[in-house]
Each structure stands twice: as C-alpha cells, then as structure tokens.
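A.B. asks: This is the structure I want to talk about, given as structure tokens.
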C-alpha cells in the first residue's frame, strides 16, 4: 500500500501540485523533440490541457470564466500599480534627482508589467480557446486589454 503524502495549507493554497504537474508536462514536451526532427514535439489542444488539469467537461465553462475573471482583476490591479509607480515613484524621483529610488520604482514597475502581460496573454488564450499564440497576441494590441469573456466567445 502506497503511503499517502501529507501537505500543509501553503502547499494547497499555492497550487504546488498543479505547478509541479505543469513543470513535468513542459519537461516531457521539451524531451519529445528528437535529434532527427526538432519540430516533432508533443502538441496539446486547449481541451486536452483542461483534461490534464482534471477539470470535468461539464464544469469547464464555469471554471474558465472564474479563472478569467480572477486574471482580469489581477491585470487591472497591476495596471493601476504600474501607473502609480511610474507617475509617483519614477517621475517624482527623477525630477528630484534621486536615481536609486527611481531605479527601484522602475524595476518594480517592470515586475508588475510582466505579471500584467502574463495575465493578459492567458486571458487571450482563454478567449481564443487555444494554447500558444504568443506571436499572434503580440501582433494584435487590441487583444491586450481583457474584455468580457462571454462577449468574446459570442463573436
């Protein structure tokens, strides 16, 4: 009989098992490229990814909408933080000649910008119901601001 592992509250809240599963899947995808054909990689559809994460078919739409709303909210919070850090932190410190605090605020702004861009891209993937598509997302700035998911699906 296999010993059942016990995990604490942080493990569950942080989603460590999901992160671990995604890491293993990414590792398998990278290993699948053979030396003879580097384009021979594991391909996965959006629905297959949902299935891999254990989301039942009858709960997928509600689950995606809930995640989308959380990512959209996080995107908006990051956007406000970016505007605040640029206007208050960077500009104010540059005007007063304080380079070190200005660089600190600029680096925090960049960190928030990466989180916001990640959330925007993930929302784009959910609207399109496909994985990948980073180059398509980058080429279409109108897609960077997450709109209502139901509105996007009803197009």
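In this note's numbering, the protein residues as written are 3 to 157.
Note that beta-carbon positions come from the ideal geometry of N, C-alpha and C, so glycine has one too.
No experiment lies behind these values; they were computed from the predicted model shown.
(1) Taking 8 angstroms as the cut-off, does the segment 113-121 touch the segment 71-78 (at least 3 CB pairs, one atom from each stretch)?
(2) Taking only the alpha-carbon atoms, compute the straight-line gap between residue 79 and residue 149 and give it to the nearest angstrom.
(3) Alpha carbon to alpha carbon, what distance is there between residue 55 and residue 61?
(4) When you compare each of 57, 67 and 113 to residue 127 by their alpha carbons, which one comes out closest?
(5) In chain order, what residues of the same chain lie with their CB nearer than 8 angstroms to the CB of residue 1, ignoring the 5 residues before and after it?
(6) Quick one: what does DSSP say residue 114 is sitting in, helix, strand or coil?
(7) If we call anything under 8 angstroms between Cβ atoms a contact, is residue 111 one with residue 84?
(8) Between the alpha carbons of residue 87 and residue 99, how many angstroms are there, rounded?
(9) Can you tell me where the alpha helix (DSSP H) with residue 86 in it begins and where it stops?
(10) For residue 151, which option in 64, 51 and 45 has the closest C-alpha, if you only look at C-alpha atoms?
(11) How would you call residue 1, buried or exposed, if buried means at least 16 neighbouring beta carbons within 10 angstroms?
(12) Count the other C-beta atoms from every protein chain shown that fall within 10 angstroms of the C-beta of residue 114, then say buried if there are 16 or more, exposed otherwise.
C.D. replies: With the given structure in hand:
(1) yes
(2) 15 angstroms
(3) 12 angstroms
(4) 67
(5) What is shown of the chain runs 3 to 157, which leaves residue 1 out entirely.
(6) helix
(7) yes
(8) 16 angstroms
(9) 62-86
(10) 64
(11) Only positions 3 to 157 of the chain appear in the structure, and residue 1 is not among them; the question remains open.
(12) buried
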